[in-house]
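One structure is given here, and the rest of the page talks about it.
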Amino acid sequence: MPRDPFLPALDRPSSVVVARNRARNQWRLVLTTPASPQTEVVVIDDASGLLLCQPGPGFPSELAALSSLHALGYEAEHRGDALLGYVATRCVAGVLLATRTREKGVLPGGHALLTLTESAWLLLPLSQAGPGGLEVASPAEQEFWRLLQQVTLDGAHYFCWTADLSRPFPSPRPAADPAPEFVWNRWLSAPLARAGLPGRCPVLLQGAAEVSLHAGVGAAPPFALALVSRRSRRHPGTRYLARGLNEAAGPGNEIECELVAWTLARGAAGGRAGVRWACCVWRRGTVPIWWGVSLASLQKGLAAEVYVRERDPYRGSAAYFRGVQRAWARYEAGQTAAGAGGSVRAGQAVAEEGSASGMQAAGGQGGGGATPANPAASEDAAEEGLHVPVTCVNLLHCNPAKASELMLSSHFQESMRHVRRILPPGAPIRVVNFDWHGNIGRLGEEKGVEGFWSFMEPFVKQTGFSHGTLHDGGAVGEGRERDGITTSLGPARRTPWAGGWVAEWEARQAGVLRYNCADSLDRTNAATCFATLPVLQDALRTLGVDLCVGPGRDAGGAARSGVEEGGA
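Written out as structure tokens, the structure reads:
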């Protein structure tokens, strides 16, 4: 019988229990996750803090595991929905628990999207510290734990156990093989992988994730929308500390966003076997050059002055754009090869003018990078994605009265000339300018937004969006792995989606639009909202969804009436 793509695919809930033998001061972790059909017991070595798999087979349930541990003198002391990470220092073993999560919705194919609403660090004393634990640790160790516990997690992260959300929908990779750029607990989950327990921590993504269901008009089936954003971890930091590029060629506040719409396919077997879907992806972030802001003294009213680094201000700009192109090329091709995520690897160097050696590894992480073992593979990597258009929509002031932003905007233009000198002729990377505040101030909100729509129309149409169908791939047996992810489904028009589903592609988005203002905040929020509205309208029309916004009004008209609420 066909599976319902709107229902969660997860049969067993995930959980983690921290159990303790007080007489011996020993700790055990009891893990129930979708990564294993059994409940597993993990030993925390009380001397070194290393994680060890308990010998023997696992348990059929959490209750059976706890009963076995109880017979050995262990009692359950802490419980959570998931284990997010683990760190051990000399005196303390730190266990990061997701103590409360909330399901935000179900993605196509039945994959539950969970947001982290509450987390907790458990600091467990190791034998070297005795009962004192952190109190007898060195000042450096205490400071390490103090800083680690200050990192904001609650309300800012989300995860999905059964599908890869670190890449645009529908990703052909399994959930346990995410794009490293967007995984915020990669270091924290490494001890589990080293212990032979990969995938026991969910992939923690930073950003927002919302899913909404909508009733169909008349006899039409329901449809759903998902808005997902994932922040890059290449340049972490607050608004005032993480601006522009860093040594990893990561711009501050870099976020990849996608809007996914889906509805039941008409005429599918049983009426519930297929999904029609559409997806639009864009990026946003600060200007990808070396720049920052200096704050004036209190006497000057805490004014913020923009500065651009004098030496090599564009070093890493080309590497950033090549990373975006490579990641998008793999998405276009529907690659199932591991590592597809735009991460910089050896052999993918970009010649950066003005660097001390004349050749800087992509991202500026050393001179030249390792020599690749396969020259042909290196050549392929060097050319990968060069065809991908990247259009930067610059929303900064173009008014001489706003000298700081005008200077930053001018450097942005010059950096693009620098990038085009490095890349092969005709590389489709460009920046276009729309002075958001200037146009809104001169034309008013309604006319200003209409002007922005007219300005963006050719770029939005050139970029388009991806769409196709999603169906149960149970009839497709070739190349099937245990978890339903396939690696040999053939041409790019047909790719796997987690849980044994298959995505049939009818169209693919042509490149990426990237938006920026100064900090990639207010102006970028407004601009991306208004730029995406006509795309959403076209996507829903492609899916056969009637917007039903009233006679004589389209989605643009509905949006224009709400400009005052949206603001600039």
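Quick note on this note's numbering: the sequence shown kicks off at 15 and runs consecutively.
Even glycine gets a Cβ: it sits at the ideal position worked out from N, Cα and C.
Closest to residue i by CA distance: which of the options is it?
| i | options | result |
| --- | --- | --- |
| Arg160 | Arg244, Val106, Pro192 and Leu127 | Val106 |
| His125 | Trp175, Glu149, Tyr100 and Leu80 | Trp175 |
| Gly251 | Val242, Trp198, Pro216 and Leu206 | Trp198 |
| Arg555 | Ala347, Phe237 and Cys271 | Phe237 |
| Arg42 | Ser180, Val55 and Arg36 | Val55 |
| Arg116 | Gly306, Arg434, Leu110 and Ser133 | Ser133 |
| Lys416 | Val320, Pro153 and Ala332 | Val320 |
| Leu127 | Ala222, Cys294, His432 and Ala553 | Ala222 |
| Arg298 | Ala545, Ala37 and Ser28 | Ala545 |
| Trp305 | Gly169, Leu218, Glu324 and Val30 | Glu324 |
| Val516 | Val57, Arg104, Gly123 and Ala33 | Gly123 |
| Ala61 | Leu140, Val120 and Pro194 | Leu140 |
| Gly482 | Ser50, Pro235, Pro184 and His92 | Pro184 |
| Tyr328 | Glu471, Ser424, Lys461 and Val463 | Ser424 |
| Arg34 | Gln52, Thr46, Val57 and Thr129 | Val57 |
| Trp114 | Ser29, Val44 and Leu136 | Just to set this straight, residue 114 is Arg in the shown sequence, not Trp. Nearest of Ser29, Val44 and Leu136 to Arg114, Cα basis: Ser29. |
| Ser180 | Arg257, Ile269, Ala233 and Glu155 | Ile269 |
| Val32 | Asp59, His92 and Pro48 | His92 |
| Arg280 | His451, His485, Ala190 and Gly478 | His485 |
| Ala347 | Val295, Met470, Arg507 and Val433 | Arg507 |
| Ala209 | Ala341, Pro69 and Val274 | Pro69 |
| Gly452 | Leu259, Asn408 and Trp135 | Asn408 |
| Pro153 | Glu195, Thr103 and Pro235 | Thr103 |
For the ligand FAD, is there a heavy atom less than 8 angstroms away from the beta-carbon of residue i?
| i | result |
| --- | --- |
| Val165 | The ligand FAD is not part of the structure shown, which contains no ligands of any sort. |
According to the neighbour-count rule (16 or more other Cβ atoms, all chains shown, within 10 Å of its Cβ), is residue i buried or exposed?
| i | result |
| --- | --- |
| His84 | exposed |
| Lys118 | buried |
| Ala318 | exposed |
| Ala384 | Because the pLDDT of Ala384 is 38, which lies under 50, any placement of that residue in the model is unreliable, and the number read from its coordinates should be weighed accordingly. Exposed, by the Cβ-count rule. |
| Thr422 | In the sequence on display, residue 422 carries Leu and not Thr. Buried, because 16 or more other Cβ atoms sit within 10 Å of the Cβ of Leu422. |
| Ser75 | exposed |
| Cys543 | exposed |
| Val322 | buried |
| Leu255 | exposed |
| Ala37 | exposed |
| Pro439 | exposed |
| Arg290 | buried |
| Ala370 | For Ala370, the predicted model reports a pLDDT of 29, less than 50, meaning its position is unreliable; a value from the coordinates is still stated below. Result: exposed. |
| Val231 | exposed |
| Gly576 | Only weak support is given to the placement of Gly576: the predicted model assigns it a pLDDT of 32, under 50, and the value that follows is read from those uncertain coordinates. Exposed is the call here. |
| Ser243 | buried |
| Leu130 | buried |
| Gly356 | Per-residue confidence for Gly356 stands at a pLDDT of 42, beneath the threshold of 50, marking its modelled position as unreliable; the derived number appears in the next sentence. Answer is buried; the Cβ neighbour count reaches 16. |
| Leu111 | buried |
Can you tell me whether residue i is helix, strand or coil according to DSSP?
| i | result |
| --- | --- |
| Val197 | coil |
| His249 | coil |
| Ala354 | No answer about Ala354 holds up, because its pLDDT of 37 lies below 50 and its placement is not dependable. |
| Ser28 | coil |
| Gln328 | According to the sequence provided, residue 328 is Tyr. The question's Gln does not apply to it. Coil. |
| Cys215 | coil |
| Gln523 | coil |
| Asn539 | helix |
| Phe448 | coil |
| Phe183 | coil |
| Gln40 | strand |
| Ile269 | strand |
| Arg208 | helix |
| Pro510 | strand |
| Ala343 | helix |
| Asp191 | coil |
| Glu484 | Residue identity check: residue 484 is Leu in the sequence provided, not Glu. DSSP places Leu484 in strand when its eight states are reduced to three. |
| Gln427 | helix |
| Pro236 | coil |
| Leu550 | helix |
| Gln220 | strand |
| Gly306 | strand |
| Asn260 | coil |
| Val231 | coil |
| His432 | helix |
| Leu420 | helix |
| Leu167 | coil |
At least one CB of chain D closer than 9 angstroms to the CB of residue i: is that the case?
| i | result |
| --- | --- |
| Leu110 | Chain labels in this structure do not include chain D; a single protein chain is all it has. |
(request) Give a yes or no on contact between the stretch 54-72 and the stretch 223-239, applying the rule of three or more CB pairs nearer than 8 angstroms. (result) no
(request) Could you pull out every unbroken beta strand (DSSP E) segment of at least 3 residues lying fully inside the stretch 124-165, listed in chain order? (result) 125-139
(request) Assess, as a yes-or-no matter, whether the stretch 456-465 is touched by the stretch 523-539 under the definition of 3 or more beta carbon pairs within less than 8 angstroms. (result) no
(request) Evaluate the contact criterion for the stretch 426-441 versus the stretch 323-343: three or more CB pairs, one atom per stretch, below 8 angstroms. (result) yes
(request) Just list the alpha helix (DSSP H) runs in the stretch 76-103, keeping only unbroken ones of 4 residues or longer that don't cross its boundaries, in chain order. (result) 76-85
(request) Mind the definition here: the stretch 190-207 touches the stretch 96-103 only if three or more C-beta pairs lie below 8 angstroms; say whether that holds. (result) yes
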